[in-house]
Amino acid sequence: MMRRTQFVPRRSLCGLLALALAGCATNPATGGRMLSLISESQEIEMGRNYAQQVEASMPMYENADVQSYVERIGLELAAVSERPTLPWSFKVVDDASVNAFALPGGFIYVTRGILTHFNSEAALAAVLGHEIGHVTARHSVEQLSRAQLGGLLLGVGSIVSEDVRRFGGVAQAGLGLLFLSHSRDDEHQADLLGVRYAVRDRYDPREAIGVHAMLQRQTEARGGRGVPNWLATHPSSADRIERIRAQVDTIPPAVLADTRVRRDEFLAKLEGMAYGQDPRQGFFQGSRFVHPDLAFRFDLPDRWEKANLTQAVIAQSPEEDAIVQLTLAGSGGHAQAARQFFQLEGVRARGNPARQSVNGHPATVGRFEAATQSGPVGGLVAFIDYGGRTYRILGYTPAQRYETYENTFRRVIGSFDRLTDQAVLRVQPLRIQVLTVQRATNLGAMVASRPAPIPADELALLNGIDLNTPLQPGDKVKWVVGEPPPTGS
Numbered sequence: 203m204m205r206r207t208q209f210v211p212r213r214s215l216c217g218l219l220a221l222a223l224a225g226c227a228t229n230p231a232t233g234g235r236m237l238s239l240i241s242e243s244q245e246i247e248m249g250r251n252y253a254q255q256v257e258a259s260m261p262m263y264e265n266a267d268v269q270s271y272v273e274r275i276g277l278e279l280a281a282v283s284e285r286p287t288l289p290w291s292f293k294v295v296d297d298a299s300v301n302a303f304a305l306p307g308g309f310i311y312v313t314r315g316i317l318t319h320f321n322s323e324a325a326l327a328a329v330l331g332h333e334i335g336h337v338t339a340r341h342s343v344e345q346l347s348r349a350q351l352g353g354l355l356l357g358v359g360s361i362v363s364e365d366v367r368r369f370g371g372v373a374q375a376g377l378g379l380l381f382l383s384h385s386r387d388d389e390h391q392a393d394l395l396g397v398r399y400a401v402r403d404r405y406d407p408r409e410a411i412g413v414h415a416m417l418q419r420q421t422e423a424r425g426g427r428g429v430p431n432w433l434a435t436h437p438s439s440a441d442r443i444e445r446i447r448a449q450v451d452t453i454p455p456a457v458l459a460d461t462r463v464r465r466d467e468f469l470a471k472l473e474g475m476a477y478g479q480d481p482r483q484g485f486f487q488g489s490r491f492v493h494p495d496l497a498f499r500f501d502l503p504d505r506w507e508k509a510n511l512t513q514a515v516i517a518q519s520p521e522e523d524a525i526v527q528l529t530l531a532g533s534g535g536h537a538q539a540a541r542q543f544f545q546l547e548g549v550r551a552r553g554n555p556a557r558q559s560v561n562g563h564p565a566t567v568g569r570f571e572a573a574t575q576s577g578p579v580g581g582l583v584a585f586i587d588y589g590g591r592t593y594r595i596l597g598y599t600p601a602q603r604y605e606t607y608e609n610t611f612r613r614v615i616g617s618f619d620r621l622t623d624q625a626v627l628r629v630q631p632l633r634i635q636v637l638t639v640q641r642a643t644n645l646g647a648m649v650a651s652r653p654a655p656i657p658a659d660e661l662a663l664l665n666g667i668d669l670n671t672p673l674q675p676g677d678k679v680k681w682v683v684g685e686p687p688p689t690g691s
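The opening residue of the sequence shown carries number 203 in the numbering used here; numbering runs sequentially from there.
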């Protein structure tokens, strides 16, 4: 059999080879060779631009003490890394997910959710060190350089299409593409670099093992479903834990004996921190979405998959061929927002958008079609003035399916109204409370005498122990207090 070969013009091949040779550099963290077609100044500028997008789309945690605490630890770790002069930034995102991520150039974020699952300052240092490792080893830079060499893309932003930004309307859909998935080798390398930095800054690296064990327990507790975000982008395995343990075993006992855990100091920072989703920022009661802080409600179709994201509430049909979403559209009023929407490139009004009232709230509602890379989209959009803001409710589907979903879109729009349920308006988030054990006991016995609003197994996972783990007087335990939000009728 003859093998089929692809002819590559000699000039093109030489050009690619020259580009690859020109982009060969020394990895600052490992000393090995790496592909780099992006300078450090370009890397920093890229990261700074993406950081602005992150902070415009994700709320930062409004606690200056916690923010400065995380920043201080991060900066101390970065100072002992191989790239101490980068414009390092460490911030806490007010999000319940268990996540942490690094942008090129040293812009690092951890969520409130992952903080509540740590049990020591050394555990926090392990995750910050891991993310620092991705930056010092220039993992994102190498990925982008390989993509450029292959002619696949010119920058991360190019993979966020105009169609996703315009019609997806969910910032996270675009931002998720910014956080490039790292290879397994990159993850192992970042793990080991994180251990290196922790030891250099006198943190106990064994806490990194506990972090991965906690994440695995979370996955197992969900039966393999609902994998924590940090595992979704940073695959975990027993092999990873063993590699970390093997590296820790090479550290002289005298060095380990001089490391810090700082459990009590860390737990003190969690006192009063919101646990889980903050219902003040909206939650579902069945198919109804309610938002206590903004005092509105609206109904989404039954059986549709729903999500309350940072900048949008979104629902997708069971057949995955239609989407409804609610976002803010500014404060210029419904008429102005509608004009701006229908002037977007590729958007065409079907008929004249109509000014009308939605449950007494001034609104503009109109049908549209739009050209996307996946084909023509048909949809219905409403801009509603309420409480000094303008809300946009957008329903869309492939153009040929519009008639199937038009009545559904109209029902969703027509359900938008003022929230008057006082029990919902008064709802508060669950919060972390740090308890000091008074006598020998265990978590199971504590739950029996002191009920909590979350399951006992979840409390155990939160503390990184089993329900039967012995607790001694003076031990600190994370508890959760408060009332779950009302489920509705």
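Positions of the beta carbon are idealized from the N, C-alpha and C atoms, including for glycine.
C-alpha distance - residue i paired with residue j, whole-angstrom precision
{"i": "Ala-572", "j": "Asp-587", "result": "24 Å"}
{"i": "Met-248", "j": "Gln-269", "result": "23 Å"}
{"i": "Val-294", "j": "Val-312", "result": "5 Å"}
{"i": "Asp-480", "j": "Ala-423", "result": "22 Å"}
{"i": "Phe-544", "j": "Ala-537", "result": "11 Å"}
{"i": "Arg-447", "j": "Ala-540", "result": "58 Å"}
{"i": "Glu-507", "j": "Glu-521", "result": "10 Å"}
{"i": "Thr-689", "j": "Phe-500", "result": "15 Å"}
{"i": "Asn-177", "j": "Gly-577", "result": "Look at the range of the chain in this structure, 203 to 691, and you will see that residue 177 is not part of it."}
{"i": "Gly-590", "j": "Ala-497", "result": "12 Å"}
{"i": "Arg-250", "j": "Thr-512", "result": "21 Å"}
{"i": "Gly-478", "j": "Thr-421", "result": "16 Å"}
{"i": "Gln-527", "j": "Ala-514", "result": "7 Å"}
{"i": "Leu-417", "j": "Ala-476", "result": "20 Å"}
{"i": "Ser-519", "j": "Arg-505", "result": "8 Å"}
{"i": "Ser-385", "j": "Gln-391", "result": "10 Å"}
{"i": "Leu-356", "j": "Phe-570", "result": "With a pLDDT of only 31 at Leu-356, under 50, the local geometry of the prediction cannot be trusted, and the value read off the model is given with reservation. Approximately 32 Å between the Cα atoms of the pair."}
{"i": "Pro-687", "j": "Asp-297", "result": "18 Å"}
{"i": "Asp-393", "j": "Ala-325", "result": "13 Å"}
{"i": "Leu-632", "j": "Gly-684", "result": "5 Å"}
{"i": "Thr-287", "j": "Ala-253", "result": "18 Å"}
{"i": "Trp-290", "j": "Gly-308", "result": "5 Å"}
{"i": "Ala-456", "j": "Arg-402", "result": "14 Å"}
{"i": "Val-626", "j": "Glu-245", "result": "46 Å"}
Nearest neighbour of residue i, chosen from the options [CA to CA]
{"i": "Leu-330", "options": "Asp-297, Glu-467, His-536, Val-413", "result": "Val-413"}
{"i": "Pro-306", "options": "Ile-240, Val-401, Ile-275, Leu-277", "result": "Ile-240"}
{"i": "Ala-776", "options": "Asn-665, Gln-640, Ile-634, Leu-669", "result": "Only positions 203 to 691 of the chain appear in the structure, and residue 776 is not among them; the question remains open."}
{"i": "Pro-564", "options": "Val-515, Thr-592, Gln-542", "result": "Thr-592"}
{"i": "Gly-562", "options": "Asn-251, Arg-340, Arg-620, Thr-671", "result": "Arg-620"}
{"i": "Glu-278", "options": "Ile-334, Phe-303, Thr-228", "result": "Ile-334"}
{"i": "Glu-284", "options": "Gln-254, Val-337, Ser-559, Arg-550", "result": "Val-337"}
{"i": "Leu-596", "options": "Tyr-604, Glu-605, Gly-581", "result": "Gly-581"}
{"i": "Ala-440", "options": "Pro-454, Val-492, Ala-410, Ala-227", "result": "Ala-410"}
{"i": "Ser-489", "options": "Ala-517, Asp-495, Val-463, Gly-474", "result": "Ala-517"}
{"i": "Arg-462", "options": "Ala-400, Gly-646, Pro-454, Arg-613", "result": "Ala-400"}
{"i": "Glu-264", "options": "Gln-391, Arg-445, Gly-474", "result": "Gly-474"}
{"i": "Ile-525", "options": "Val-272, Pro-503, Leu-673", "result": "Pro-503"}
{"i": "Ala-693", "options": "Asp-387, Gln-391, Arg-404", "result": "The structure shown has nothing for residue 693, since the chain only spans 203 to 691."}
{"i": "His-341", "options": "Glu-257, Asp-387, Leu-546", "result": "Asp-387"}
{"i": "Asn-229", "options": "Phe-303, Gly-315, Leu-395", "result": "Leu-395"}
{"i": "Val-614", "options": "Arg-314, Ala-266, Arg-594, Gly-676", "result": "Arg-594"}
{"i": "Ala-642", "options": "Val-626, Leu-663, Leu-673", "result": "Leu-673"}
{"i": "Asn-644", "options": "His-332, Ala-662, Phe-485", "result": "Ala-662"}
{"i": "Val-256", "options": "Thr-671, Ile-310, Pro-653", "result": "Ile-310"}
{"i": "Asp-623", "options": "Phe-491, Thr-529, Pro-555, Gly-666", "result": "Phe-491"}
{"i": "Ile-316", "options": "Arg-603, Thr-599, Leu-472, Arg-482", "result": "Leu-472"}
{"i": "Ala-509", "options": "Asp-495, Gln-487, Ala-601", "result": "Gln-487"}
Assigned secondary structure, residue i (DSSP; H/G/I helix, E/B strand, else coil)
{"i": "Arg-427", "result": "Model confidence at Arg-427 stands at a pLDDT of 48, short of 50, so the residue's coordinates are unreliable; what they give is reported in the following sentence. Note: Arg-427 maps to coil in three-state DSSP."}
{"i": "Pro-675", "result": "coil"}
{"i": "Gly-276", "result": "helix"}
{"i": "Glu-521", "result": "coil"}
{"i": "Ala-654", "result": "coil"}
{"i": "Gly-690", "result": "coil"}
{"i": "Met-260", "result": "coil"}
{"i": "Gln-558", "result": "strand"}
{"i": "Gly-616", "result": "helix"}
{"i": "Arg-250", "result": "helix"}
{"i": "Val-457", "result": "helix"}
{"i": "Val-564", "result": "The sequence given here places Pro at residue 564; Val does not occur at that position. Three-state DSSP puts Pro-564 in a strand."}
7 Å Cβ shell around residue i - same chain, five flanking residues per side excluded
{"i": "Val-450", "result": "Val-397, Pro-407, Arg-408"}
{"i": "Ser-363", "result": "Interpretation of Ser-363 is limited by its pLDDT of 32, a score under 50 that renders its predicted location unreliable; the figure taken from the coordinates is listed afterwards. Closer than 7 Å at Cβ, skipping near neighbours: Gln-575."}
{"i": "Gly-616", "result": "Val-560"}
Contacts around residue i, its chain only, beta-carbon distance under 6 Å, and the 5 residues preceding and following it disregarded
{"i": "Phe-468", "result": "Ser-322, Glu-323"}
{"i": "Arg-557", "result": "Thr-566"}
{"i": "His-493", "result": "Gly-484"}
{"i": "Phe-320", "result": "Leu-326"}
Contact set for residue i: own chain, Cβ-Cβ below 8 Å, skip 5 residues either direction
{"i": "Ala-658", "result": "Leu-645, Gly-646, Val-649, Leu-669"}
Using a Cβ distance threshold of 8 Å, determine whether the region 635-648 contacts the region 594-610, with at least three qualifying pairs required.
At 8 Å Cβ cutoff, the stretches do not touch.
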